[in-house]
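This report concerns only the one structure given below.
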Amino acid sequence: MQRRQLFLHASRMAATLAWQQLFGPGARAQPLQAPDWTAPGEVFSLGVASGEVQPESVVIWTRLAPQPLRPDGGMPAAAVPVRWLVARDARFEHVVASGQALASPEAAHSVHVDVSGLQPGRSYHYRFEAGGQTSPVGRTRTAPAPEARPARMRVALASCQHYEAGHFTVHREIAAADVDLVVFVGDYIYTSSVPSFNRVRRHPHRFPRDHADFTLAHYRVHHASYKLDADLRACHAAHPWLLAWDDNEVVNDYTGDRDAEIDDVDTFLAVRTAAYRAYFEHLPISPSRAPTGPRMRMHARYDWGRLATFWTVDTRQHRDPSPCTGRTQSLFNGKLVRNCTELAAPGRDLIGRAQADWLSWELASSPVDWKFIVQSTQVAPGTIRAPFGRVIYGDGWDAFPAARERLMQAIAQPRVPDVVCLGGDVHRHVAAQLRLHPEDTASPVIASEVVTTSVSSKGLSEIVTAWLKGGNPDMLHARADQRGYVVLDVTPRQIDIEFRGTPHPVRPDSRLRTQARYRIDRGIAGPRRV
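Position 392, counted from 1, in the sequence shown is what full-length UniProt numbering calls 392; the numbers after and before it change by one each time, with no gaps.
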């Protein structure tokens, strides 16, 4: 194992121990346990999941919840032992790792196991046992060895799954697909309801209308309701996931420590603390990254041998407030901003200087073939030049032009080849080319961008999308009328991009079809249609 990986592994183990002391049974002098507890219902109702793949480790997850729509999940106020197993085969005849974890009420009886000592580039199966029951079997894999250059990897890119806007049929197809990794770039849950005339199904529980009233119990039940969707559970069980978040995991359009509907910062930070805690409790995230109050580290690096590196970037926690929120300058509750001079302020940031410096250093020192920046939204310009002035999307990179310039400078100086930005949020499929100076069409193209449409959330009309595309020539492909996901077939020479889509709204029997295909050639920035 290389020195860098030894350091990272040691850091993760140390942080894991710290998390267990803070949130696990070790937080009590004499932990209350229920070793002989028998579940009153299906204890693994929320399924299993894996993620954070490394060459010799992977994180596996479950949560015990026989009554998942209760705040306590129907669990006792005591820690419950959970046995976990990892095997080379689905029948578990060749178990390679096993152990016991304690699922504590402080963590909603969730279990996060950072399984180490695995072989690079291998497929594995895993399961859990608790309360006299055995979980569904999950399938995962480790990343290739650091020096390996795989001939191929396949990635599914997805985002934006509003429960009420449509069914998660997209996840059913991804679960059955031949992919190595699912990259999900935000809006895993939505803390809002869809208007009745657009609603396809209803949340199976109620939650507050006011952002300030959200509690940890609300977020736990909300996450559980999403996990009760069989297609989402199947997709988690079938493939390891890498995660980046956006705003709706907390509340819509929050920025850093502020929310437009909550005036008091401390009140909002209490809401954000609850949201981050529930997000961690319901996803395959290493114990080393458990949140501390309203803070949680989301940016991380994941290598796929020498073929690719994925950097997950946090675009929410560290961003500056939205610009020009006055009535004369903002439209649609601040979603669109016009004639805004605040945009030009050089200090405005979307990802924070510390994270930006980290990403710049990582890009400059990376030796891999393909460099994927995994973040939540569209980087390429999407401005509208209307008769009443220049209109921009106030919740994306267009509202942070100086921060976007700094990102492009990190790619261009020194020249970092074969960078691909992955995003979501805007509910449309996009293939774009990124320029050193994004608003200048004479500036050189230095990177590529792939944005996925939503799993279920409604997009803009095709009339508006055509208007956007016509005014932004670097958006080579843009369609917002379909829901779906993107498949990236990555080889050392090229990336083949397949945009999969189905008409809105998504029904249980919806069928996805190929909307368009693009290719990115090694050494040539920008996708081309094939």
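The beta carbon of each residue, even a glycine, is placed where N, CA and C say it ideally should be.
- prompt: Where do the N-terminal and C-terminal ends of the beta strand (DSSP E) with ARG385 fall, by residue?
  reply: First-last of the beta strand (DSSP E) with ARG385: 384 to 386.
- prompt: Is it true that the CB of ASP180 sits closer than 9 Å to the CB of TRP304?
  reply: Result yes, Cβ atoms of TRP304 and ASP180 sit closer than 9 Å.
field: Option in SER104, PHE92, VAL86 and TRP84 with minimal Cα separation from ALA65
entry: Per the Cα distances, SER104.
- prompt: For ARG110, which beta-bridge partners are listed by DSSP?
  reply: Checking the displayed sequence, the identity of residue 110 turns out to be Ser instead of Arg. Looking at the DSSP assignment, SER110 forms a beta bridge with ARG63.
message: Between which two residues does the alpha helix (DSSP H) holding PRO505 run?
response: Run containing PRO505: none; DSSP gives neither H nor E here.
task: Could you check the C-alpha separation between SER454 and CYS160 for me, to the nearest Å?
output: In a straight line, the C-alpha of SER454 is about 5 Å away from that of CYS160.
query: Hey, is the stretch 411 to 418 in contact with the stretch 345 to 352, meaning 3+ C-beta pairs nearer than 8 Å?
result: With the cut-off at 8 Å, the stretch 411 to 418 and the stretch 345 to 352 do not touch.
task: Go ahead and label LEU476 buried or exposed: buried means 16 or more other beta carbons lie within 10 angstroms of its beta carbon, across all protein chains shown.
output: LEU476 comes out buried.
field: Under the three-state DSSP convention, the category CYS235 falls into
entry: Correct three-state label for CYS235: helix.
- request: Within 10 angstroms of the Cβ of ASN339, are there 16 or more other Cβ atoms? Answer buried if so, exposed if not.
  value: By the 10 Å Cβ count, ASN339 comes out exposed.
query: Can you name, in chain order, every residue of its own chain whose Cβ lies under 6 Å from the Cβ of PRO25, other than the five neighbours on each side?
result: At PRO25, the pLDDT of 37 sits below 50, so the modelled position is not reliable; the number obtained from the coordinates is stated separately. Excluding sequence neighbours, PRO25 sits near PRO31, ALA79, LEU102 and SER104.
task: May I ask you to report which of helix, strand or coil DSSP gives GLU462?
output: The DSSP-derived three-state label of GLU462 is helix.
task: Would you give the residue range spanned by the beta strand (DSSP E) that VAL182 belongs to?
output: 181 to 184 is the span of the beta strand (DSSP E), which, as asked, contains VAL182.
message: Taking the straight line between their C-alpha atoms, what separation do you get for PRO208 and ARG428?
response: For PRO208 and ARG428, the distance between alpha carbons rounds to 29 Å.
query: Can you name the residues that DSSP bridges to GLY51?
result: The partner list for GLY51 (beta bridge, DSSP) reads VAL59 and TRP241.
query: Where in the stretch 352 to 419 do unbroken runs of the beta strand (DSSP E), each at least 3 residues long, occur, reported from the N-terminal end onward?
result: You should have 370 to 374, 384 to 386 and 389 to 393.
Proximity winner among ALA156, GLN33, ARG70 and ALA108, relative to PHE499 (alpha-carbon distances): Distances from the alpha-carbon of PHE499 to those of ALA156, GLN33, ARG70 and ALA108 put ALA156 closest.
- request: Would you mind reading off the limits of the beta strand (DSSP E) that contains SER123?
  value: Under the DSSP assignment, SER123 falls in the beta strand (DSSP E) whose first and last residues are 123 to 130.
- prompt: Among TRP361, VAL391 and ILE524, which one has its Cα closest to the Cα of GLN433?
  reply: Nearest option by C-alpha distance: ILE524.
message: So, for TRP19: in the same chain, excluding its five sequence neighbours on each side, which residues have a beta-carbon less than 6 Å away from its beta-carbon?
response: Unreliable positioning characterises TRP19 in this predicted model, as indicated by a pLDDT of 44, which lies under 50. The coordinate reading is nonetheless provided below. Taken in chain order, the residues that qualify are PRO287 and ALA290.
- prompt: If you compare alpha carbons, which of PRO505, MET75, HIS437 and GLN54 is closest to VAL43?
  reply: Nearest C-alpha to VAL43: MET75.
- prompt: According to the Cβ coordinates, are ARG122 and ARG141 closer than 9 Å?
  reply: A contact, by the Cβ cut-off of 9 Å.
query: Distance, Cα to Cα, MET298 vs ALA108?
result: Taking the straight line from one Cα to the other gives about 21 Å.
message: Contact defined as beta carbons within less than 8 Å: I believe LEU118 pairs with VAL82. What is the distance between those atoms, to the nearest angstrom?
response: About 20 Å separates the CB atoms of LEU118 and VAL82; that is not less than 8 Å, and the two are not in contact.
query: Between the stretch 175 to 191 and the stretch 462 to 482, do three or more beta carbon pairs fall short of 8 Å?
result: No, the stretch 175 to 191 does not touch the stretch 462 to 482.
message: For ALA403 and TRP397, I'd like the C-alpha separation in whole angstroms.
response: For ALA403 and TRP397, the gap between their C-alpha atoms comes out near 8 Å.
Status (buried if at least 16 other CB within 10 Å, exposed otherwise) for HIS223: Buried, by the Cβ-count rule.
- prompt: Does the beta-carbon of GLU147 have 16 or more other beta-carbons within 10 angstroms, so that it is buried, or is it exposed?
  reply: Exposed: under 16 other Cβ atoms inside 10 Å.
task: Could you check how far apart the C-beta atoms of GLN375 and ALA244 are, in whole angstroms? I think they sit under 8 Å.
output: Right, their Cβ atoms sit about 6 Å apart.
Three-state secondary structure (DSSP) of PHE310: If DSSP states are grouped into helix, strand and coil, PHE310 belongs with the strands.
- prompt: Can the beta-carbon of ASN198 be found less than 9 Å from the beta-carbon of PRO505?
  reply: It is a contact, given that the beta carbons lie within the stated cut-off.
Environment of PHE168 [buried if 16+ CB atoms lie within 10 Å]: With 16 or more neighbouring CB atoms inside 10 Å of its own CB, PHE168 falls in the buried class.
message: According to DSSP, ARG435 sits in a beta bridge with which residue or residues?
response: Paired residues: VAL445.
message: Let me make sure I understand the geometry here. Which of VAL430, HIS239 and ASP264 has the alpha-carbon closest to that of ALA143?
response: Nearest option by C-alpha distance: HIS239.
message: Rounded to the nearest angstrom, what separates PRO284 and VAL86 at their Cα positions?
response: For PRO284 and VAL86, the distance between alpha carbons rounds to 15 Å.
Beta-carbon contacts of VAL426 that lie in its chain and below 6 Å, excluding the five residues immediately before and after: Cβ within range, chain order: GLN378.
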